[in-house]
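S.K.: Okay, here's the structure, questions in a sec.
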Amino acid sequence: MDKQQILDTIKIKTADKIHTFEKLIAETRASNNDTKSSMGDKYETGREMLQQEINNLTRQLNETLNQQALLQKITSEPSLKVQNGALVKTDKGLFYVSVSLGEIILDNQKIMTVSIESPLIKAMLGKQEKETFIINNIQQVIEKIW
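Residue numbering for the sequence shown follows numbering that gives the first Met the number 0, starting at 0 and increasing by one per position.
Right under this line is the structure:
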């Protein structure tokens, strides 16, 4: 498994997300400026809803920027234990410890990108190959770590 390829894919997806949020914020701000009206309360309610949407998008953008900063610290060096940057194969799946972006598919293999803060990773953090852990009353075995 090529960890650098996985990391590069995640960095591209994160950059795409940032670009999308920036574009949505700009479009929402533009429509906020276009809602000039003499409708009184309806106008104010519409502007407030747009402002709330801008705030929500800004929060998501900041979270994604934080993820991008975290990704800059991750290397593709081999790991001997479950930690940030580790690719972990259990008897239930393949997990890349970095940021939560969901599933990516590389070389016809499904890889779940999972944050170190997730309950799954917290349960296996620091463990090595052949060790077991339990999450949701299900025991899993760490088969391989890259």
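We treat Cβ as the ideally placed atom computed from N, Cα and C, and that holds for glycine.
Starting from Q108, follow its DSSP beta bridges and name the residues at the other end.
M.R.: For the purposes of this step, residue 108 is taken as the residue at position 109 of the sequence shown. The partner list for Q108 (beta bridge, DSSP) reads L105.
S.K.: What span of residues does the alpha helix (DSSP H) with I144 cover, start to end?
M.R.: Position 145 of the sequence shown holds residue 144. Looking at the DSSP string, I144 is not in any alpha helix (DSSP H); the run it does join, the beta strand (DSSP E), is 137 to 144.
S.K.: Kindly confirm or deny that the segment 69 to 83 and the segment 1 to 16 touch, where touching means at least three C-beta pairs closer than 8 angstroms.
M.R.: The segment 69 to 83 is in contact with the segment 1 to 16.
S.K.: Per DSSP, F132 forms a beta bridge with which residues?
M.R.: The residue labelled residue 132 in the question sits at position 133 within the sequence shown. DSSP, once it has assigned bridges, lists Q139 as partnering F132.
S.K.: With which residues is S153 paired in a DSSP beta bridge?
M.R.: Residue 153 cannot be examined here, being either before or after the span of the chain that is shown, 0 to 145.
S.K.: Nearest to M136 by CA position, among R58, W145, K129, P118, is which residue?
M.R.: One-based indexing of the sequence shown puts residue 136 at position 137. Rather than Met, the amino acid found at residue 136 in this sequence is Asn. Among R58, W145, K129, P118, the Cα nearest to that of N136 belongs to P118.
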